[in-house]
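Student:
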Amino acid sequence: MTFVGGSLWAVGSLQFSNHQELQNSVLSEGVLTLKWKDGGEILLQQDRTEEFKYPIVRYRGKDSASVITGLAEGTHYFRFKKLDQPGWSLPLSVKVQFVNHTLLYSLLSLGGAVSLLTVGAIVHGARKSHRLDAVRS
Amino acid sequence: MNDSFTIESSTGWGLILSLGALWVLLGWHWGKKATSEEGFTLAGRKVGLALGGATIMATWVTSNTTMLAPVFALKFGLWGMLAYSTASFGLFMFALFMPRIRELLPDGVTAGDFFYLRFGKAGWTLFMVITLVYSLSWLVSMAIAGGDLLEALAGIPYQQGMSLILMVCVLYTLFGGMYAVIGTDFIQSLIILLGIVVIGFLVWGQVPLAKAHAHIVTHQPSLLLWVMPAALLAVFNNLLFGFGEVFHNNVWWSRAFAVRKEVGSRAFALAGFLWFPVPIAAGFIALAAGPLGINIVDENQTGPTVAAAVLGNAGLGVFGGGLILVVLFCSMASSIDSLLAATSDLLMKDFSARVLKHPTRPENFRKVGAGVIFLVGGVTWLLALPHWPIINVLFLSGPLVGSLIWPVIAGLFWEEINRSVALAGIVLGSLAGLFSYFWIGWFVAALVGTGVSMLFSLTARYIRPSSFPPLCSLKT
Amino acid sequence: MISASTLGLVIVGSLFWVLAGLSILVFLFIRERRKKKLW
């Protein structure tokens, strides 16, 4: 038996349908889609701790998926329960880790440089062409 | 998706058929102005600022814009929307190209004419491969989006809905050519902008800013970061992807040749001005999803889901579903018709003359033009039918079109270049960009493609360059 | 963290910008139609 969030019920059978795929995965954008089997109203919770001490309600309703975005860096835990049944699902944990700052600033510098050079080449070419036109006419 | 706003399939059919009939009728009526091949392909080269600016803007507002902008906002927050808006910069830059394009190619008809003139047959071939991959994947992804939309909003089976939307666009384009495309684009642009404003203000009215902000800070804090890595990286990548798309594609070059010479630059600048706020105005509604308690089940349906819920809350219900359908249909149609016409022109003019060595006779323009448009539409339909994720091909084309940016700049503004080195840059830039797409991420692919090609182009300017051929009428 | 006022400014600004663009298009259309320079 597994104690999950204080519940005594064995809930190994209740889990997100993409649990295996997502469990302990590292998300670089803070985005994930949680899915569960259709059937009845559910309550979806999220917390920063495995014990779900201060959970946030993410969703309550009859849909069978939910897109979660904007997660902060760090580890997040998710669980759900069917409202007409006791017991929570197996908790899912994911880690959000953004691109490291060195790589980020290198790529941003590269992007800025290429963009500036490109715009510069166009503006320079257009002005030169305009000047030549003026001289010819 | 919430069912309270979904419309009956009969309503969905009715809306598309009646709007479609209107476009076809107008297309046929305006198409009578095309008494020559030039009229059919370039609307007589006399399009004014209003219609010119509108068609450029509307063509660039695709279903990807109206559907993907909310997805960017949902995933990447404020910077995500701003990153999307940088795609308008390509239009501003193209405005600077205009005088030179008209000088280089006073009788030009297609972008292929430019690539052939400045880079010879090898350059033209590379351009054709890249542009056909890009254009077809853009066309197909919009046909697919149309089918998905009709299924989600009106329960019309995907294959039927997709076929209907595509058939309407093919019909009015082949009846009226560029006149039909530009005329309908103007009406569609007004509907798109009005629809975005109506939906946007309704969302704004339903969500108090302070409450929404507080909700996002608690539940989706990354969306409001000043340094949100994925979003920031998207800024330059999107900018360069946009440059690549606009600088190379015949959709824009055909408009460059179609507008009156004296308003050309202003038409592109106006279009850029009109387009810039659209991803923000259309996208921000996704930020209302959390505060309004709207659950997103499929990120690709974020826009319609939120818009429909908001319109439902405002008591507009089924009318809301209809409004969303009309706005999205217009954004698709305004791009599909332009792509059909521009791609068909390339095949009709460039391919037939330079590959088949059998130029189209001017007196056959209507028959051949209609036939090619029908063919392109048919290929699009066949590729859209199995519902493959063709949008991924479109994203993958980022480095390909990015690698064409500097060759276009060189061909327009430089006097000499080492052609082989420049063309090698296109190939290697494309490959490097594709490699980086899979090895580093989607957010650098266009940047890498452009950067590598840029290095080769700059090298080509100084290492054994040879002069471009003298300006003269195009000879195939 | 981006503030509420910044977020609000960007959003409302973009909505009014779209409205302005729409007005410009209509104005240009009417003007060019009068001068018979539409196309």
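Going down the list, the protein sequences come from chains A, B and C.
Under my numbering, the residue at position 126 of the first sequence is numbered 126, and the numbers go up by one with no gaps.
Counting the second sequence from 1 gives a position; my numbering is that position plus 1000.
Counting the third sequence from 1 gives a position; my numbering is that position plus 2000.
All residues carry an ideal CB built from backbone N, CA and C; glycine is no exception.
I'd like the span of the beta strand (DSSP E) that includes Lys77 of chain A, first residue to last.
Tutor: Taking the first residue of the first sequence as 1, we reach residue 77 of chain A at position 77. For the record, residue 77 of chain A in the displayed sequence is Tyr; it is not Lys. Run containing Tyr77 of chain A: 74-82, per the beta strand (DSSP E) assignment.
Student: Which residues does DSSP pair with Ser1466 of chain B in a beta bridge?
Tutor: Taking the second sequence and counting its residues from 1, the one referred to as residue 1466 of chain B is at position 466. BP columns for Ser1466 of chain B point to B:Ile1417.
Student: Cβ of Phe1094 of chain B within 7 Å of Cβ of Trp1252 of chain B?
Tutor: For the purposes of this step, residue 1094 of chain B is taken as the residue at position 94 of the second sequence. For the purposes of this step, residue 1252 of chain B is taken as the residue at position 252 of the second sequence. Against a cut-off of 7 Å, the Cβ pair of Trp1252 of chain B and Phe1094 of chain B comes out as a contact.
Student: Which word fits Val1444 of chain B, buried or exposed, when buried means at least 16 other C-beta atoms lie within 10 angstroms of its C-beta?
Tutor: Mapped onto the second sequence, residue 1444 of chain B falls at position 444. Classification of Val1444 of chain B: buried, given that the 10 Å Cβ count is 16 or more.
Student: Can at least three beta-carbon pairs, one atom from the region 1457-1471 of chain B and one from the region 1411-1424 of chain B, be found at a separation below 8 Å?
Tutor: yes
Student: Within 8 Å, do at least three Cβ pairs link the region 1085-1100 of chain B to the region 1108-1122 of chain B?
Tutor: no
Student: I'd like to know whether the C-beta atoms of Leu1139 of chain B and Asn1250 of chain B end up nearer to each other than 7 Å.
Tutor: On the second sequence, position 139 is the one that residue 1139 of chain B refers to. On the second sequence, position 250 is the one that residue 1250 of chain B refers to. If you check the CB distance, Leu1139 of chain B and Asn1250 of chain B do not come in under 7 Å.
Student: What do you get for Asn1364 of chain B, buried or exposed, if any count of 16 or more other CB atoms within 10 angstroms of its CB means buried?
Tutor: Counted from its first residue, the second sequence places residue 1364 of chain B at position 364. When all chains shown are included, Asn1364 of chain B counts as exposed.
Student: Measuring alpha carbon to alpha carbon, tell me which of A:Leu104, A:Gly61, A:Asp133, A:Val67 ends up nearest Ile1101 of chain B.
Tutor: Working through the second sequence from its first residue, we reach residue 1101 of chain B at position 101. Selected option, being the one with the closest Cα: A:Asp133.
Student: Using DSSP's beta-bridge definition, name the partner residues of Ala65 of chain A.
Tutor: Within the first sequence, the letter at position 65 stands for residue 65 of chain A. Paired residues: A:Lys35.
Student: I need the DSSP call for Lys1032 of chain B, collapsed to helix, strand or coil.
Tutor: Along the second sequence, one-based indexing puts residue 1032 of chain B at 32. DSSP places Lys1032 of chain B in coil when its eight states are reduced to three.
Student: Would you call Gly2013 of chain C buried or exposed, if buried means 16 or more other Cβ atoms sit within 10 Å of its Cβ?
Tutor: The residue you call residue 2013 of chain C lines up with position 13 of the third sequence. Label assigned to Gly2013 of chain C: exposed.
Student: Tell me whether Ile42 of chain A sits in a helix, a strand or coil according to DSSP, three-state version.
Tutor: Along the first sequence, one-based indexing puts residue 42 of chain A at 42. The answer is strand: DSSP assigns Ile42 of chain A an E or B state.
Student: Counting only the same chain and skipping the five closest in sequence on each side, list residues whose C-beta sits under 7 Å from that of Ser1004 of chain B.
Tutor: Reading the second sequence from its first residue, position 4 is the one you call residue 1004 of chain B. Note that Ser1004 of chain B scores 48 on pLDDT, short of 50, meaning its location in the model is unreliable and no value can be drawn from it.
Student: Answer yes or no: does any C-beta atom of chain B fall closer than 7 Å to that of Phe52 of chain A?
Tutor: If you number the first sequence from 1, residue 52 of chain A lands on position 52. No, Phe52 of chain A lies away from the interface with chain B (no Cβ there is under 7 Å from its Cβ).
Student: Determine the DSSP secondary structure at Arg60 of chain A, reduced to helix, strand or coil.
Tutor: The residue labelled residue 60 of chain A in the question sits at position 60 within the first sequence. Strand, per DSSP.
Student: Below 8 Å on the Cβ atoms is my guess for Pro1399 of chain B versus Gly1441 of chain B; work out the distance and round it to an integer in Å.
Tutor: Numbered from its first residue, the second sequence carries residue 1399 of chain B at position 399. Numbered from its first residue, the second sequence carries residue 1441 of chain B at position 441. The C-beta distance from Pro1399 of chain B to Gly1441 of chain B rounds to 12 Å, too long to fall under 8 Å, and the pair is not in contact.
Student: Using beta carbons (cut-off 7 Å, strictly below), is Tyr59 of chain A in contact with chain B?
Tutor: Working through the first sequence from its first residue, we reach residue 59 of chain A at position 59. Yes, because at least one Cβ of chain B sits closer than 7 Å to the Cβ of Tyr59 of chain A.
Student: Verify the CB distance criterion: does Phe1005 of chain B have a CB-CB separation below 7 Å to chain A?
Tutor: Here residue 1005 of chain B corresponds to residue number 5 of the second sequence, with the count starting at 1. Residue placement at Phe1005 of chain B cannot be trusted, given a pLDDT of 49 that sits under 50; what the coordinates show is reported in the next sentence. Taking Cβ atoms only, chain A never reaches closer than 7 Å to Phe1005 of chain B, which makes this a no.
Student: Would you verify that the beta carbon of Glu41 of chain A is, or is not, closer than 7 Å to some beta carbon of chain B?
Tutor: Taking the first residue of the first sequence as 1, we reach residue 41 of chain A at position 41. Not one chain B Cβ lies under 7 Å of Glu41 of chain A.
Student: Of the residues B:Arg1361, B:Ser1163, B:Ser1453, which one's Cα is nearest the Cα of Val114 of chain A?
Tutor: In the first sequence, counting from the first residue as 1, residue 114 of chain A sits at position 114. Nearest option by C-alpha distance: B:Ser1453.
Student: Name, please, each residue of chain B whose Cβ falls closer than 8 Å to the Cβ of Lys82 of chain A.
Tutor: In the first sequence, the residue the question calls residue 82 of chain A occupies position 82. Per Cβ cutoff of 8 Å: no residues; Lys82 of chain A is ~16 Å from chain B at best.
Student: Which stretch, first to last residue, makes up the beta strand (DSSP E) that contains Leu92 of chain A?
Tutor: Sequence index remark: in the first sequence, residue 92 of chain A carries index 92 (1-based). Segment 92-96, the beta strand (DSSP E) holding Leu92 of chain A.
Student: For Lys1261 of chain B, decide whether its Cβ has a neighbour in chain C, counting only Cβ atoms nearer than 7 Å.
Tutor: Position 261 of the second sequence, counting from 1, holds the residue named residue 1261 of chain B. Not one chain C Cβ lies under 7 Å of Lys1261 of chain B.
Student: Over the uninterrupted alpha helix (DSSP H) stretch that includes Ala1164 of chain B, give me the two end residues.
Tutor: Here residue 1164 of chain B corresponds to residue number 164 of the second sequence, with the count starting at 1. The amino acid occupying residue 1164 of chain B in the given sequence is Leu; Ala does not appear at that position. Per DSSP, Leu1164 of chain B is one residue of the alpha helix (DSSP H) stretching across 1158-1206.
Student: Helix, strand or coil for Leu1139 of chain B per DSSP?
Tutor: If you number the second sequence from 1, residue 1139 of chain B lands on position 139. Looking at Leu1139 of chain B - three-state DSSP - the assignment turns out to be helix.
Student: Would you mind giving the Cβ-Cβ distance between Ala1083 of chain B and Phe1076 of chain B, rounded to the nearest angstrom? I have them listed as a contact below 8 Å.
Tutor: As a first step, residue 1083 of chain B must be located in the second sequence, where it is residue number 83. As a first step, residue 1076 of chain B must be located in the second sequence, where it is residue number 76. Yes, they are in contact, since the Cβ atoms of Ala1083 of chain B and Phe1076 of chain B sit about 7 Å apart, within 8 Å.
Student: Classify Leu220 of chain A as helix, strand or coil using the three-state DSSP reduction.
Tutor: There is no way to answer for residue 220 of chain A, as the model of chain A reaches only from 1 to 137.
Student: With H, G and I counted as helix, E and B as strand and the rest as coil, what does DSSP make of Val1227 of chain B?
Tutor: Your numbering for residue 1227 of chain B matches position 227 in the second sequence. Val1227 of chain B: coil per DSSP, three-state reduction.
Student: Near Val67 of chain A, what residues of its chain come up, given a Cβ to Cβ distance below 7 Å and the 5 sequence neighbours on each side ignored?
Tutor: As a working mapping, residue 67 of chain A is identified with position 67 in the first sequence. Same-chain partners within the cutoff: Thr33.
Student: So, does the CB of Ile1294 of chain B fall closer than 7 Å to a CB anywhere in chain C?
Tutor: Taking the first residue of the second sequence as position 1, residue 1294 of chain B is located at position 294. No, its Cβ sits nowhere closer than 7 Å to a Cβ of chain C.
Student: Ignore the nearest five residues each way along the sequence and tell me which others in Phe1127 of chain B's own chain have a CB closer than 6 Å to its CB.
Tutor: On the second sequence, residue 1127 of chain B is found 127 positions in, with the first residue counted as 1. Answer for Phe1127 of chain B: Phe1115, listed in chain order.
Student: For the pair the region 1052-1070 of chain B and the region 1280-1295 of chain B, tell me if three or more CB-CB distances fall below 8 Å.
Tutor: Contact between the region 1052-1070 of chain B and the region 1280-1295 of chain B is present: three or more C-beta pairs spanning the two stretches fall below 8 Å.
Student: Ends of the alpha helix (DSSP H) at Met1348 of chain B?
Tutor: The residue labelled residue 1348 of chain B in the question sits at position 348 within the second sequence. Careful: Met1348 of chain B lies outside any alpha helix (DSSP H) and carries neither H nor E.
Student: I want to verify the contact list: residues of chain A whose CB lies under 9 Å from the CB of Glu1299 of chain B, in sequence order.
Tutor: Stepping through the second sequence from its first residue, residue 1299 of chain B is reached at position 299. By Cβ distance, chain A contributes Val31, Thr33, Val67, Thr69.
Student: Decide if Gly1377 of chain B is buried, meaning its Cβ has at least 16 other Cβ atoms within 10 Å, or exposed.
Tutor: Working through the second sequence from its first residue, we reach residue 1377 of chain B at position 377. Answer is buried; the Cβ neighbour count reaches 16.
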